[in-house]
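Q:
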């Protein structure tokens, strides 16, 4: 197996960013056909393709679309381009290199679900992708691909970009909706799910950039062509963002089910000279870490990684070599989640803060052996007890790091310094 | 007492007319005001926006305080935000941040004496494959070393 570029085939061409460049490679060719289809036929095709949401949860896209109530209320289509999960950088590339691929996917998806208004919610730091998107949206309006009576089909769809302002939690779909409504980006209790009661309490579909871009391919080449790639339950291709201690970090589109070690050794050129693989976080910072031995057994699909006690998540593969201190790296993650907790639920607000404090007392040489079990106890008490998954996202790395690399934690407490680096956190971080 | 420029006022009104929920214009309007006030928001600005937007101060304030991209105190002409999250940390992002502070002679979140720079550590900016990186105002700079980062900053007048 190797890279399969269903979505990213032309990403190396700078002109693919423009309407002319996108059209020259077949872009928007399927749109007139799609707009003549029955919306339900598009939904059925997406269901048949086996496409699952690429933002992290992996929920079947067609099924999500099917949850919309048939009550004639206005519906919204919201593209989740908040991309805040540490390790993930695929959506940024997709928006920068192929904005029209996303716009076309949104038009087709909006037609399928009966929405006439869409937003692309982009994280605030992505100033350049926002510029690219705005330019592409203007091009699309000028060409009659957005707005009233698209291509004479009678279908109207307006699309706008909304710039977030730096809050990881806005990547959670109800947090994103709160933010778009001009509130703090705090998640809401589900049910009701956004498909029933979302933006302005109207039915709303929230899909990731990669998911919506894949819709174009599925309608163009058919569900069967998409299903040729991947596994039975994890169909199609996926963009994996690989970062950390590898020779060639970057985004790689491969079929789901691709062996993790092939991704690292073949696509990413392996480890740096003289270094050995120590561990990998396979699905973004909230996914439980895998040891090198576990990595050898892992395939990059939802089921294989779940079987190893981890998850595919957003497809962010964070690679660590034998020079890395696991206590230090967990400290980075716990600090992140403490910083990003929205503060709404007590187990998360207090729990993330405690995890951060306990870890940093260990890193500063003030740890006690019982603190290691305290980390586990706090993390255990955070799982499944909050409105959204941020609390779990903070707890899961703690449990996996401590359980799998306990000797490093015990050494740090006993000696007051890192087993790997031989120094303290303070010495390393000035 | 802060007041938006004519252009700023027009931009805020445009944002107010753009969304079905009036409050959706709060974030875009805070961006407009922050830009006009050299990179940070004050209570004066919240009061002014409240009058212009006809939205209670408390509503605007809670949004302002929630999001990290709105600054609560002055920043330098160049706001240098160095990512120190996991992928950047694995590739030396934290050491780079501390090198920049050392070279510029400031602590994190302080403004340099000449008013040019503020250095902040920030969480993941989505450049993990090109780590370590920093964002200077709106621009990303990637695949840096402590030395190349400083060379870039020295060139910013």
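Residue numbers (the numbering used here), protein chains in the order written: chain C, 189 to 618; chain B, 243 to 399. All residues carry an ideal CB built from backbone N, CA and C; glycine is no exception.
#1: Measuring only between beta-carbons, confirm whether residue 517 of chain C sits less than 8 Å from chain B.
#2: Within a Cβ cutoff of 7 Å, which residues of the same chain sit near residue 394 of chain B, ignoring the five residues on either side of it in sequence?
#3: Using the C-alpha atoms, what's the distance from residue 263 of chain C back to residue 399 of chain C?
#4: Grab the span of the alpha helix (DSSP H) containing residue 272 of chain B for me, first residue to last.
#5: Given a cut-off of 8 Å on the beta-carbon distance, is the pair residue 397 of chain B and residue 360 of chain B in contact?
#6: Could you check whether the Cβ of residue 281 of chain B sits closer than 8 Å to any Cβ belonging to chain C?
#7: With burial defined as no fewer than 16 other Cβ atoms inside 10 Å of the residue's Cβ, what is the status of residue 329 of chain C: buried or exposed?
#8: For my contact list, residue 433 of chain C and residue 459 of chain C are in at a C-beta cut-off of 8 Å; report their separation, rounded to the angstrom.
#9: Please classify residue 557 of chain C as buried or exposed, where buried requires at least 16 neighbouring CB atoms within 10 angstroms.
#10: Should residue 270 of chain B be flagged as near chain C, meaning a C-beta pair shorter than 8 Å?
#11: If you measure beta-carbon to beta-carbon, which residues of the region 306-331 of chain B are closer than 7 Å to chain C?
#12: Pull up the distance between the alpha-carbon of residue 326 of chain B and that of residue 223 of chain C, whole angstroms please.
#13: Helix or strand or just coil, what does DSSP make of residue 289 of chain C?
#14: Would residue 307 of chain C pass as a contact of residue 388 of chain C if the rule is Cβ separation under 8 Å?
#15: Using three-state DSSP, classify residue 242 of chain C as helix, strand or coil.
#16: Can you pull the DSSP bridge partners for residue 487 of chain C?
#17: Residue 264 of chain C lies in the beta strand (DSSP E); which residues open and close that run?
#18: Kindly list the residues whose CB is nearer than 7 Å to the CB of residue 509 of chain C, restricted to its own chain and excluding five residues on each side of it in sequence; keep chain order.
#19: Could you give the first and the last residue of the continuous beta strand (DSSP E) run that contains residue 351 of chain C?
#20: Looking at chain B, is there any beta carbon in it that lies within less than 8 Å of the beta carbon of residue 312 of chain C?
#21: Going residue by residue through the region 385-469 of chain C, where are the continuous alpha helix (DSSP H) segments of at least 4 residues, counting only ones entirely within it?
#22: According to a CB-to-CB cut-off of less than 8 Å, which residues of the region 429-451 of chain C neighbour chain B?
#23: Are three or more beta carbon pairs between the region 396-416 of chain C and the region 267-278 of chain C nearer than 8 Å?
#24: Can you give the beta carbon distance from residue 219 of chain C to residue 339 of chain C, rounded, assuming they're within the 8 Å contact cut?
#25: Compute the Euclidean distance between the alpha carbons of residue 514 of chain C and residue 597 of chain C, then round it to the nearest angstrom.
#26: What residues are listed by DSSP as bridge partners for residue 325 of chain B?
#27: To the nearest whole angstrom, what separates the beta carbons of residue 430 of chain C and residue 505 of chain C, a pair I think is in contact under 8 Å?
#28: Enumerate in chain order the residues of its own chain whose CB-to-CB distance from residue 385 of chain B is below 7 Å, with the five nearest sequence positions on each side excluded.
#29: Which runs of the beta strand (DSSP E) at least 3 residues long sit entirely within the region 293-362 of chain B? Give them in chain order.
#30: Output, in sequence order along the chain, the residues in the region 467-481 of chain C whose CB is closer than 9 Å to any CB in chain B.
#31: Quick check on residue 609 of chain C: does DSSP put it in helix, strand or coil?
#32: Taking just the CA atoms, how far does residue 312 of chain B sit from residue 364 of chain C?
#33: Could you name the residues of chain C that residue 380 of chain B contacts, counting a contact when the two beta carbons are closer than 8 Å?
#34: Any Cβ of chain B within less than 8 Å of the Cβ of residue 324 of chain C?
#35: Find the residues of chain B that neighbour residue 274 of chain C, judging by a C-beta separation of less than 8 Å, and give them in chain order.
#36: Near residue 608 of chain C, which residues of its chain fall below 6 Å by C-beta distance, leaving aside the five closest residues on each side in sequence?
A: Working from what's here:
#1: yes
#2: 383
#3: 19 Å
#4: 268-278
#5: no
#6: no
#7: exposed
#8: 6 Å
#9: exposed
#10: yes
#11: 308, 309, 310, 311, 312, 327, 328, 329 and 331
#12: 46 Å
#13: helix
#14: no
#15: coil
#16: C:447
#17: 264-269
#18: 433, 459, 460, 463, 464, 465 and 466
#19: 346-351
#20: yes
#21: 397-409 and 411-415
#22: 429, 430, 431, 432, 433, 437, 438 and 439
#23: yes
#24: 7 Å
#25: 8 Å
#26: B:364
#27: 5 Å
#28: 372
#29: 320-325
#30: 469 and 473
#31: coil
#32: 18 Å
#33: 315 and 316
#34: no
#35: 327, 328, 329, 365, 366 and 370
#36: 513
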